[in-house]
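In what follows, a structure is listed as structure tokens, so that the remarks can point back to it.
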Amino acid sequence: MTTTPKVALITGVTGQDGSYLAEFLLKKGYIVHGIKRRASLFNTQRVDHIYEDPHVHHPHFVLHYGDLTDTSNLIRIIQQTQPDEIYNLGAQSHVAVSFESPEYTADVDAMGTLRLLEAIRILGLEKKTRFYQASTSELYGLVQETPQKETTPFYPRSPYAVAKMYAYWITVNYRESYGMYACNGILFNHESPRRGETFVTRKVTRGLANIAQGLDECLFMGNIDSLRDWGHAMDYVRMQWMMLQQDQPEDFVIATGVQVSVREFIARSAARLGITLKFEGKGVEEVGVVASVTGDKAPGVKAGQTIVRIDPRYFRPAEVETLLGDPTKAKEKLGWTPQITLDQMIDEMIASDLEAAKKHALLKTHGFKVAVSQE
Ligand code: NDP
Ligand code: GDR
Numbered sequence: 001m002t003t004t005p006k007v008a009l010i011t012g013v014t015g016q017d018g019s020y021l022a023e024f025l026l027k028k029g030y031i032v033h034g035i036k037r038r039a040s041l042f043n044t045q046r047v048d049h050i051y052e053d054p055h056v057h058h059p060h061f062v063l064h065y066g067d068l069t070d071t072s073n074l075i076r077i078i079q080q081t082q083p084d085e086i087y088n089l090g091a092q093s094h095v096a097v098s099f100e101s102p103e104y105t106a107d108v109d110a111m112g113t114l115r116l117l118e119a120i121r122i123l124g125l126e127k128k129t130r131f132y133q134a135s136t137s138e139l140y141g142l143v144q145e146t147p148q149k150e151t152t153p154f155y156p157r158s159p160y161a162v163a164k165m166y167a168y169w170i171t172v173n174y175r176e177s178y179g180m181y182a183c184n185g186i187l188f189n190h191e192s193p194r195r196g197e198t199f200v201t202r203k204v205t206r207g208l209a210n211i212a213q214g215l216d217e218c219l220f221m222g223n224i225d226s227l228r229d230w231g232h233a234m235d236y237v238r239m240q241w242m243m244l245q246q247d248q249p250e251d252f253v254i255a256t257g258v259q260v261s262v263r264e265f266i267a268r269s270a271a272r273l274g275i276t277l278k279f280e281g282k283g284v285e286e287v288g289v290v291a292s293v294t295g296d297k298a299p300g301v302k303a304g305q306t307i308v309r310i311d312p313r314y315f316r317p318a319e320v321e322t323l324l325g326d327p328t329k330a331k332e333k334l335g336w337t338p339q340i341t342l343d344q345m346i347d348e349m350i351a352s353d354l355e356a357a358k359k360h361a362l363l364k365t366h367g368f369k370v371a372v373s374q375e
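Each residue of the sequence shown is one higher than the one before, starting from 1 at the first, in full-length UniProt numbering.
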């Protein structure tokens, strides 16, 4: 007997999480629809490897142009695709950028969520379509309790977090008002080689790899005292799916329960490149100086070189100084535990960024032909 495959719709499919989730659901036999934004350049690099040409066969992975600011477009896509599950991962997701573009961030992150929930209702899909909302540890902001769990009060500290707070509560409200299967994953920071280049972990691994290869001289950072609970995106998207497979919709904190400073993340990343970093000075005068270099991964770096400096430009008007999650509920109710440690993740990110940096360095010094022949 053949069973009809489940249908999922992912907003933000071209982002870090969207790309891993699409891969995960395809492996589970889903038909996956994703919403991509129109851009003047290709913006599908993270999902190109799973793209299927609709001219060749009946694809399992289909992309639709759309935007979370465009109500009629969202209604039409949901009507056409009739999804069993919607994963709302689309967002202006950069906290610092949200201070520059607060209104746009509210429109996409808060109103976008409402538009999707309303679309489900307008189309009469309340009993068919399950809804996952990408909520965030940024809701805890100025933390009221450590570690943070599902019952910890929120205190958002950025336009991004305030917008996500609306999205959180409107998801709860539609669940309670209309009996919809709608839930929030309160996810702490999660990273990978696919992480956007301006988030701190990727900025560090990519920046240090470039410095190691002599492509750059110094990494300029903001608040390196900041403490975060970092996990791997692959572990976290698995949890997004698990949350929609329960009998009852509930909200869950997803975290590792381990906290590390940005400074420590930089030092551990440098160590993977054979660089021992020493931090000296205080406040904006603090610098990261190379104490020693071993191995052959960092030919562009010498002992005594300053490769990390503080640039107050990267300070935020209001900072979230410390986040540490308590994932006990997810462990007990869903049997979820993260499989990838922070050090394994740093290894993976450094390896990936080092490979790219080596190619660029080769290209810079020897030109295109040599770089291609060395691949
Ligand atoms: P990314 O920034 O990598 O991806 C965001 C996605 O949203 C991209 O596909 C982007 O498209 C899309 N997007 C942006 N604006 C719009 C819009 N107006 N309409 C439709 N789509 C839009 O984020 P992540 O993958 O890291 O995160 C996924 C979700 O989880 C986000 O909602 C984020 O806020 C949330 N979150 C993330 C955490 C993390 O640590 N990664 C932790 C907690 C929550 P494009 O590619 O064109 O820019
Ligand atoms: P965050 O992630 O704000 O936690 O939001 P980000 O990596 O941007 O910052 C983490 C911490 O590092 C400090 N920091 C810097 N950050 C950036 N981006 N660049 C720097 O140069 C720098 N120097 C220090 C920051 O001040 C901050 O304290 C991420 C996003 O994915 C959100 O969408 C998500 O909701 C939360 O994680 C959980």
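All residues carry an ideal CB built from backbone N, CA and C; glycine is no exception.
Practice prompt. May I ask you to report which of helix, strand or coil DSSP gives SER135?
Written response: Within the sequence shown, the letter at position 135 stands for residue 135. Residue state, collapsed to three classes: strand.
Worksheet item: Quick one, are the C-beta atoms of ILE350 and THR152 less than 8 Å apart?
Response: The sequence position of residue 350 within the sequence shown is 350, counting from 1. The sequence position of residue 152 within the sequence shown is 152, counting from 1. The answer is no: Cβ separation not under 8 Å.
Worksheet item: Under a Cβ-count criterion, where at least 16 other Cβ atoms within 10 Å of its own Cβ denotes burial, should ASP296 be classed as buried or exposed?
Response: Taking the first residue of the sequence shown as 1, we reach residue 296 at position 296. The residue in question, ASP296, is exposed, as its Cβ has fewer than 16 Cβ neighbours within 10 Å.
Item to complete: Specify the secondary structure class of GLY112 as computed by DSSP and reduced to three states.
Response: Here residue 112 corresponds to residue number 112 of the sequence shown, with the count starting at 1. In the structure shown, GLY112 sits in a helix (DSSP, three-state: H, G or I).
Worksheet item: Hey, LEU142 and ARG228 are a contact pair by Cβ (cut 8 Å); roughly how many whole angstroms apart?
Response: Residue 142 sits at position 142 when you count from the first residue of the sequence shown. Residue 228 sits at position 228 when you count from the first residue of the sequence shown. Not confirmed; about 15 Å, so no contact.
Worksheet item: Among VAL258, THR3 and GLN344, which residue has its Cα nearest to the Cα of PRO327?
Response: For this step, residue 327 is matched to residue 327 along the sequence shown. Checked all of VAL258, THR3 and GLN344; the closest Cα to PRO327 is VAL258.
Worksheet item: Who are the Cβ neighbours of MET243 in its own chain at under 7 Å, not counting the five residues just before and after it?
Response: Here residue 243 is taken as the residue at index 243 of the sequence shown, counted from 1. Excluding positions up to five away in sequence, the list reads TYR132, CYS183, GLY185 and PHE252.
Worksheet item: For VAL290, is the beta carbon positioned less than 7 Å from some heavy atom of the ligand NDP?
Response: Taking the first residue of the sequence shown as position 1, residue 290 is located at position 290. With a threshold of 7 Å, the Cβ atom of VAL290 does not count as near the ligand NDP, since no heavy atom of the ligand is closer than that.
Worksheet item: According to DSSP, is GLY29 helix, strand or coil?
Response: Position 29 of the sequence shown, counted from the first residue, corresponds to residue 29. It is coil, neither helix nor strand.
Fill in: From VAL287, HIS94, ASP225 and HIS33, residue whose alpha carbon lies closest to that of GLN79
For the purposes of this step, residue 79 is taken as residue 79 along the sequence shown, with counting starting at 1. Closest by C-alpha distance to GLN79, out of VAL287, HIS94, ASP225 and HIS33, is HIS33.
Practice prompt. Return the residue from the list VAL320, ILE75 and ALA271 that minimises the CA-CA distance to ILE122.
Written response: For the purposes of this step, residue 122 is identified with residue 122 of the sequence shown, where counting begins at 1. Checking every option, the nearest Cα to that of ILE122 belongs to ILE75.
Worksheet item: When the distance is taken between beta carbons, is ALA39 closer than 8 Å to ASP109?
Response: Stepping through the sequence shown from its first residue, residue 109 is reached at position 109. Stepping through the sequence shown from its first residue, residue 39 is reached at position 39. In this structure, ASP109 lies away from ALA39, with their beta-carbon atoms at least 8 Å apart.
Discussion item. Given the structure, does VAL172 come close to the ligand GDR, in the sense that its CB is under 7 Å from one of the ligand's heavy atoms?
Written reply: Taking the first residue of the sequence shown as position 1, residue 172 is located at position 172. At a cut-off of 7 Å, the beta-carbon of VAL172 does not count as near the ligand GDR: no heavy atom of the ligand is closer than that.
Discussion item. If you measure between the beta carbons of LEU21 and LEU116, is that distance less than 8 Å?
Written reply: Mapped onto the sequence shown, residue 21 falls at position 21. Mapped onto the sequence shown, residue 116 falls at position 116. With contacts defined as CB atoms closer than 8 Å, LEU21 and LEU116 fail to qualify as a contacting pair.
Worksheet item: When a residue counts only if its C-beta is closer than 5 Å to some heavy atom of the ligand GDR, which residues count, in chain order?
Response: Answer in sequence order: SER93, VAL95, THR136, SER137, GLU138, ASN189, PHE199, VAL200, MET221, GLY222, ASN223, SER226, VAL262 and TYR314.
Item to complete: Could you tell me if the beta carbon of THR14 falls within a distance shorter than 7 Å of some heavy atom in the ligand NDP?
Response: For the purposes of this step, residue 14 is taken as the residue at position 14 of the sequence shown. THR14 has its Cβ nearer than 7 Å to a heavy atom of the ligand NDP.
Discussion item. Among ASP311, HIS60, ALA233 and ALA298, whose alpha-carbon lies nearest the alpha-carbon of GLN344?
Written reply: Stepping through the sequence shown from its first residue, residue 344 is reached at position 344. Considering only alpha carbons, the answer is ALA233.
Discussion item. In this structure, how does DSSP classify HIS94 when only helix, strand and coil are distinguished?
Written reply: For the purposes of this step, residue 94 is taken as the residue at position 94 of the sequence shown. Here HIS94 sits in coil by DSSP.
Item to complete: For my contact list, MET111 and LEU139 are in at a C-beta cut-off of 8 Å; report their separation, rounded to the angstrom.
Response: Residue numbering aside, residue 111 sits at position 111 when the sequence shown is read from its first letter. Residue numbering aside, residue 139 sits at position 139 when the sequence shown is read from its first letter. The beta-carbon distance between MET111 and LEU139, rounded to whole angstroms, is 17 Å. This is too long to meet the 8 Å contact definition.
Practice prompt. Tell me where the alpha helix (DSSP H) around MET243 begins and ends.
Written response: To locate residue 243, count along the sequence shown from 1; it is residue 243. Per DSSP, MET243 is one residue of the alpha helix (DSSP H) stretching across 233 to 243.
Worksheet entry | Continuous alpha helix (DSSP H) stretch holding ARG206: start and end | Residue 206 sits at position 206 when you count from the first residue of the sequence shown. Where ARG206 is concerned, the enclosing alpha helix (DSSP H) starts and stops at 200 to 212.
Fill in: 3-residue-minimum beta strand (DSSP E) runs that sit fully inside the stretch 221 to 296, ordered along the chain
For the stretch 221 to 296, whole beta strand (DSSP E) runs of length 3 or above, ordered along the chain, are 252 to 254, 275 to 280 and 287 to 293.
Discussion item. Taking 7 Å as the cut-off, is the C-beta of GLY18 nearer than that to any heavy atom in the ligand NDP?
Written reply: Working through the sequence shown from its first residue, we reach residue 18 at position 18. Correct: GLY18 has its Cβ closer than 7 Å to the ligand NDP.
Worksheet item: Hey, how far is the Cα of THR69 from the Cα of THR136?
Response: Start at 1 with the first residue of the sequence shown, and residue 69 comes out as number 69. Start at 1 with the first residue of the sequence shown, and residue 136 comes out as number 136. Whole-angstrom Cα-Cα distance: 20 Å.
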